[in-house]
Amino acid sequence: MTDFPALTLETPAEHPFAQFVRILGKGKRGARDLTREEAREAMGMVLDDKVEDTQLGAFLMLLRHKEESAEEMAGFTEALRERLQAPALTVDLDWPTYAGKKRHLPWYLLAAKCLAQNGVRIFMHGGGAHTAGRLYTEQLLGELHIPLCRTWQQVGSALDNGGLAFMPLMDWAPQLQKMIDLRNTMGLRSPIHSLARILNPLGARCGLQSIFHPGYQAVHRDASGLLGDTAIVVKGDGGEIEINPDADSHLYGTTGGQSWDEEWPQLSSQRHVKPATLDVEHLKAVWRGDVVDSYPQMALISTMALALRGLGQSREQAFATAEQYWAARDKSI
Numbered sequence: 001m002t003d004f005p006a007l008t009l010e011t012p013a014e015h016p017f018a019q020f021v022r023i024l025g026k027g028k029r030g031a032r033d034l035t036r037e038e039a040r041e042a043m044g045m046v047l048d049d050k051v052e053d054t055q056l057g058a059f060l061m062l063l064r065h066k067e068e069s070a071e072e073m074a075g076f077t078e079a080l081r082e083r084l085q086a087p088a089l090t091v092d093l094d095w096p097t098y099a100g101k102k103r104h105l106p107w108y109l110l111a112a113k114c115l116a117q118n119g120v121r122i123f124m125h126g127g128g129a130h131t132a133g134r135l136y137t138e139q140l141l142g143e144l145h146i147p148l149c150r151t152w153q154q155v156g157s158a159l160d161n162g163g164l165a166f167m168p169l170m171d172w173a174p175q176l177q178k179m180i181d182l183r184n185t186m187g188l189r190s191p192i193h194s195l196a197r198i199l200n201p202l203g204a205r206c207g208l209q210s211i212f213h214p215g216y217q218a219v220h221r222d223a224s225g226l227l228g229d230t231a232i233v234v235k236g237d238g239g240e241i242e243i244n245p246d247a248d249s250h251l252y253g254t255t256g257g258q259s260w261d262e263e264w265p266q267l268s269s270q271r272h273v274k275p276a277t278l279d280v281e282h283l284k285a286v287w288r289g290d291v292v293d294s295y296p297q298m299a300l301i302s303t304m305a306l307a308l309r310g311l312g313q314s315r316e317q318a319f320a321t322a323e324q325y326w327a328a329r330d331k332s333i
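Numbering (UniProt numbering), first residue to last: 1 to 333.
Spelled out as structure tokens, the structure:
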């Protein structure tokens, strides 16, 4: 005799998270953006491990297909900040680094080192290597003597001693790192790649953000504005916070809830030829002053100027200060 499964005679209760998947996936006419409060609640459930894996995958891909709104990003960020147990540390710049570089060396790392030598306190964070053929911040921390911090206490010590600290996302928001790592399972980046740039977990005076895909810059600026943060969003080289001297740069800023825009013209009269390989020794040689190379000189000076612009200096003053900092840097490495 065959044992058949029992018939379902009572309607099962709907999972509490199902409503958020339904909001996003109810067809072309029925679907809509999440409100800020809905986004906060939904991300809260994700962070509290109250969501099934199938729901999480559907939720992330529906958001990815729709494209995140500023209200959604602000709500997601609020959910994380409510749960983040970070100490009160004084930070000038929040510097997310999640993209990796493939066309040029990461000159932004030298910009950050130089700023830190001059009293600017910088918190960097990243999500590890996720795409082949790219060079990531995490791979260069030892080479450039940038402190790798695994606890908030270590971050505080690094900031006090040298002004620069890097902490992996996995150590302070492991649930978000898990979602970023789904990229190779899903075949697409999730909205968490964008969200990580907005988080500003230590409440820095200014959050720098690089968003490569057109149209997303204003959304990020608006999300930071809703959160009351000071931020500058740019289309950085390769998706990292680094000004490309061979192209015009548009700064999407927000201060005190007010949006502002600024155009920075390209610095180079002609486009540079990209290097055949990304040689880390060249990065160090430029820092030591052993070689003169116009592209990195322009890239790192303008990236420092971007950071100083975010801290309140005018464009002209920021470039002048950046030049002074670079000329007087401690070249040992």
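Where a beta carbon is used, it is the ideal one built from N, C-alpha and C, also for glycine.
- Following the DSSP letters along the chain, one finds residue 264 inside the beta strand (DSSP E) bounded by residues 258 to 264.
- Within the same chain, 84, 86 come within 6 Å of residue 201 by CB-CB distance, once the 5 residues on both sides are set aside.
- Cβ-Cβ separation between residue 141 and residue 148: approximately 5 Å, consistent with a contact (criterion under 8 Å).
- The distance from the Cβ of residue 270 to that of residue 247 is about 12 Å, inconsistent with a contact at the 8 Å cut-off.
- Residue 125 carries a strand assignment under DSSP once its states are collapsed to helix, strand and coil.
- Counting along the chain, residue 206 sits inside the beta strand (DSSP E) bounded by residues 206 to 210.
- Comparing alpha carbon positions, the residue from 105, 159, 333 closest to residue 121 is 159.
- If you draw a 10 Å sphere on the C-beta of residue 59, you find 16 or more other C-beta atoms in it, and that means buried.
- 7 Å or more divides the Cβ of residue 299 from the Cβ of residue 291.
- The C-alpha of residue 12 lies about 20 Å from the C-alpha of residue 45.
- For residue 321, there is no enclosing beta strand (DSSP E); the enclosing alpha helix (DSSP H) has its first and last residue at 315 to 327.
- Residue environment: residue 127 is assigned as buried (16 or more neighbouring CB atoms within 10 Å of its CB, all protein chains considered).
- Bounds of any beta strand (DSSP E) do not take in residue 171; it lies within the alpha helix (DSSP H) bounded by 169 to 172.
- Distance between residue 138 and residue 296, taken at the CA atoms: about 20 Å.
- Under a 10 Å Cβ-count criterion, residue 10 is classified as exposed, with fewer than 16 other Cβ atoms of the shown protein chains found around its own Cβ.
- Residue 303 and residue 243 do touch by the CB rule: their CB atoms are close to 5 Å apart, below 8 Å.
- Here residue 252 carries a strand assignment [DSSP, helix/strand/coil].
- Per the Cβ contact rule, the segment 247 to 257 is in contact with the segment 220 to 237 (3 or more Cβ pairs under 8 Å).
- If the five residues before and after residue 280 are omitted, its C-beta is found closer than 7 Å to the C-beta atoms of 140, 143, all from its own chain and listed in chain order.
- When 161, 79, 309, 100 are compared, the shortest CA-CA separation from residue 233 is found for 309.
- Membership of residue 63 in the alpha helix (DSSP H) is indicated by the continuous run 53 to 66.
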